[in-house]
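J.: Would you mind keeping the following structure in view while I ask a few things?
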Amino acid sequence: MKKRVFSGIQPTGNIHIGNYLGAIKYWVASQAEYDNVFCVVDLHAITVPQDPKVLKTKTRELAGLLFAAGIDPKQSILFIQSHISAHAELAWILNCFIPMGWMQRMTQFKEKSHDLKEQASVGLFDYPALMAADILLYDTDVVPVGEDQKQHVELTRDVALRFNNIYGDTFRLPEPVIPQVGARIMGLDDPTKKMSKSEANPGHAINLLDSPETIRSKLMRATTDSLRDIRFDEGRPGIYNLLVIYELFTGLRRPEIEARFTGKGYADFKRELGEIVVEGLRPLQTRYRELTSDPTYIDSLLSEGASRARPLAEKTLAAVKKKVGLG
Ligand code: TYM
């Protein structure tokens, strides 16, 4: 029996190379090894205001990008979260087993609600309960995510344990798997901040569907420092971040990369990185255009994905309801 992988991604803003290098790339690479379930989490997206038309379009775009990146519908299930009502239903039940104090410790809520203050929605606060439901519905063993989601997966384990302690063995305990390199790709404009979908500055992130010219110009303008040598030094976050992107797109080892740029300047390095990223994303972009040339194709894959995921989710939900005494 293969282990089960589950992971999710929000259809908000533009999907960037942080999402790709921190998560999607690993989902694709380990598909054959696991039994995979991937989810476009539109219910998570509405924890902050969304334009309905844009949300619907972005949901399909993201699914198309995941297939284009190499998620293979024969090896993996990919579906839209709101197509399976068990997610919202289990989230409600889990809510009743998660102490407020656990939620109040979530650093992502603190960051995301900082500017919204009292206007932050209850859904944004409760976001980790829905994420726990996503994971626990599928008897998940492994959750491959970037660094920022680790705390949420740990909360998922905690609530699963608490539920199991009360009602007996019900949920499998999931493990977060965080890549050693690329788990936290930083913003190009400010390398002290995580690359994020919601950042407004257009120079902040490279999006997966950016044109070659845009990619080159964003990288040429990326913030570095006033030093010269090109070395993997975490104390110099700008150049370090660009080197990590170079490393992940080329698969070269760090000493080889440093040797290649000995005596060269930042402009030479950025120019070469631009070509590497343009070429690295080209197959994905070509495939995306092919897949989306027939607008009904992605929808048909998604509805098939939901049909495969639904029975798995409903089985877990039924067991949970029975244990709790519902119905
Ligand atoms: P989301 O949509 O913000 O991000 C999707 C994945 O990309 C990773 N990621 C990054 N990795 C490296 N560097 C970055 N700058 C960077 N930014 C994002 C994220 O860690 C994530 O793995 N709550 C989740 C979605 C979700 C989920 C789940 C994930 C909902 N349910 C169940 C796993 C399991 C989120 O908002 O990811």
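Here the sequence shown stands for residues 26 to 352, where the numbers follow this note's numbering.
Just so it is clear, CB atoms sit at the ideal spot from N, CA and C, and this is done for glycine as well.
Among Ser236, Gly38, Gly288 and Ser146, which residue has its Cα nearest to the Cα of arginine 307?
T.: Taking the first residue of the sequence shown as 1, we reach residue 307 at position 282. Selected option, being the one with the closest Cα: Ser236.
J.: Is glutamine 35 a contact residue of the ligand TYM, with contact defined as CB to any heavy atom under 7 Å?
T.: Residue numbering aside, residue 35 sits at position 10 when the sequence shown is read from its first letter. Indeed, a heavy atom of the ligand TYM lies less than 7 Å from the Cβ.
J.: Evaluate valine 167 with the Cβ neighbour count: other Cβ atoms within 10 Å of its Cβ, from every protein chain shown; 16 or more gives buried, anything less gives exposed.
T.: Translated into positions along the sequence shown, residue 167 becomes position 142. Buried, because 16 or more other Cβ atoms sit within 10 Å of the Cβ of valine 167.
J.: Going by C-alpha distance, which of Arg253, Ser318 and Asp173 is nearest isoleucine 264?
T.: As a first step, residue 264 must be located in the sequence shown, where it is residue number 239. Per the Cα distances, Arg253.
J.: Roughly how many whole angstroms lie between the Cα atoms of valine 178 and isoleucine 203?
T.: As a working mapping, residue 178 is identified with position 153 in the sequence shown. As a working mapping, residue 203 is identified with position 178 in the sequence shown. If I take the Cα positions, the gap works out to 11 Å.
J.: Just checking my contact of aspartate 67 with isoleucine 34 at CB under 8 Å: how many whole Å lie between their CB atoms?
T.: Locating residue 67 in the sequence shown gives position 42, where the first residue counts as 1. Locating residue 34 in the sequence shown gives position 9, where the first residue counts as 1. So it is not a contact: roughly 10 Å between Cβ atoms.
J.: Throw me the rounded Cβ distance for the phenylalanine 92 and leucine 316 pair, which I believe falls under 8 Å.
T.: In the sequence shown, the residue the question calls residue 92 occupies position 67. In the sequence shown, the residue the question calls residue 316 occupies position 291. With a Cβ gap of about 6 Å, phenylalanine 92 and leucine 316 count as contacting.
J.: Give a yes or no on whether the C-beta atoms belonging to valine 303 and isoleucine 270 are separated by under 8 Å.
T.: Position 278 of the sequence shown, counted from the first residue, corresponds to residue 303. Position 245 of the sequence shown, counted from the first residue, corresponds to residue 270. No.
J.: Please classify aspartate 60: does DSSP put it in a helix, a strand, or coil?
T.: Walking along the sequence shown from the start, residue 60 turns up at place 35. If DSSP states are grouped into helix, strand and coil, aspartate 60 belongs with the strands.
J.: In angstroms, rounded to a whole number, what distance separates the CA positions of tyrosine 322 and lysine 99?
T.: For this step, residue 322 is matched to residue 297 along the sequence shown. For this step, residue 99 is matched to residue 74 along the sequence shown. So the two alpha carbons sit approximately 15 Å from each other.
J.: Along the beta strand (DSSP E) that carries isoleucine 34, what are the first and last residues, could you check?
T.: The residue labelled residue 34 in the question sits at position 9 within the sequence shown. 29-34 is the extent of the beta strand (DSSP E) around isoleucine 34.
J.: If we ignore side chains and look at the alpha-carbon of each, how far apart do lysine 348 and aspartate 164 end up?
T.: Walking along the sequence shown from the start, residue 348 turns up at place 323. Walking along the sequence shown from the start, residue 164 turns up at place 139. Approximately 16 Å between the Cα atoms of the pair.
J.: Report yes if the C-beta of glycine 89 is less than 7 Å from at least one heavy atom of the ligand TYM; otherwise report no.
T.: The residue labelled residue 89 in the question sits at position 64 within the sequence shown. Not so, every heavy atom of the ligand TYM lies at least 7 Å from the Cβ.
J.: Assuming leucine 342 and leucine 162 make a contact with CB atoms under 8 Å, what is their CB distance in whole Å?
T.: As a first step, residue 342 must be located in the sequence shown, where it is residue number 317. As a first step, residue 162 must be located in the sequence shown, where it is residue number 137. That belief holds up - the Cβ atoms of leucine 342 and leucine 162 are roughly 7 Å apart, short of 8 Å.
J.: Tell me the residue span of the beta strand (DSSP E) that contains serine 332.
T.: Residue mapping note: residue 332 aligns to position 307 of the sequence shown, counting from 1. Unbroken run through serine 332 is the alpha helix (DSSP H), 320-349; no beta strand (DSSP E).
J.: What residue does the beta strand (DSSP E) around proline 201 start on, and which one ends it?
T.: To locate residue 201, count along the sequence shown from 1; it is residue 176. Run containing proline 201: 200-202, per the beta strand (DSSP E) assignment.
J.: Among residues of its own chain, excluding the 5 on either side of arginine 119, which ones have a beta-carbon nearer than 7 Å to its beta-carbon?
T.: For this step, residue 119 is matched to residue 94 along the sequence shown. Per the sequence shown, residue 119 should be read as leucine rather than arginine. Excluding residues within five positions, the ones whose Cβ falls inside 7 Å are Ala154, Ala157, Ala158 and Val184.
J.: Could you tell me the distance, in whole angstroms, from the CA atom of glutamate 259 to the CA atom of aspartate 319?
T.: Indexing the sequence shown from 1 puts residue 259 at position 234. Indexing the sequence shown from 1 puts residue 319 at position 294. One C-alpha to the other measures close to 45 Å.
J.: Which of the three DSSP states, helix, strand or coil, is assigned to isoleucine 125?
T.: Indexing the sequence shown from 1 puts residue 125 at position 100. Checking the sequence, you will find methionine at residue 125 rather than isoleucine. The answer is helix: DSSP assigns methionine 125 an H, G or I state.
J.: Grab the span of the beta strand (DSSP E) containing leucine 103 for me, first residue to last.
T.: Residue mapping note: residue 103 aligns to position 78 of the sequence shown, counting from 1. Leucine 103 -> beta strand (DSSP E) spans 101-105.
J.: Verify the contact flag: aspartate 159, CB atom, against every heavy atom of the ligand TYM, threshold strictly below 7 Å.
T.: In the sequence shown, residue 159 corresponds to position 134, counting from 1. Under cutoff, so the answer is yes.
J.: Bridge partners for lysine 219 per DSSP, in chain order?
T.: Taking the first residue of the sequence shown as 1, we reach residue 219 at position 194. Note: lysine 219 sits in a beta bridge opposite Met211.
J.: Is the beta carbon of arginine 209 within less than 7 Å of some heavy atom of the ligand TYM?
T.: Along the sequence shown, one-based indexing puts residue 209 at 184. Yes, Cβ of arginine 209 sits closer than 7 Å to a heavy atom of the ligand TYM.
J.: Within 10 angstroms of the Cβ of asparagine 190, are there 16 or more other Cβ atoms? Answer buried if so, exposed if not.
T.: If you number the sequence shown from 1, residue 190 lands on position 165. So asparagine 190 counts as exposed.
J.: Keeping to the same chain, check which residues put their C-beta closer than 6 Å to that of glutamate 283; ignore five residues upstream and five downstream.
T.: Translated into positions along the sequence shown, residue 283 becomes position 258. Cβ within range, chain order: Arg256.
J.: With a threshold of 8 Å, are at least 3 pairs of Cβ atoms found where one atom belongs to the stretch 283-300 and the other to the stretch 214-225?
T.: In short, these stretches do not touch, since the Cβ pair count stays below three.
J.: Jot down the residue ranges of each uninterrupted alpha helix (DSSP H) in the stretch 273-310, minimum 4 residues, whole runs only, in chain order.
T.: For the stretch 273-310, whole alpha helix (DSSP H) runs of length 4 or above, ordered along the chain, are 279-285.
J.: Out of Ser242, Arg241 and Asn266, which has the shortest C-alpha to C-alpha gap to threonine 249?
T.: Position 224 of the sequence shown, counted from the first residue, corresponds to residue 249. Per the Cα distances, Asn266.
J.: Within this structure, are the beta carbons of isoleucine 214 and glycine 193 separated by less than 8 Å?
T.: Your numbering for residue 214 matches position 189 in the sequence shown. Your numbering for residue 193 matches position 168 in the sequence shown. Note that residue 214 corresponds to aspartate in the displayed sequence, not to isoleucine. The answer is no: Cβ separation not under 8 Å.
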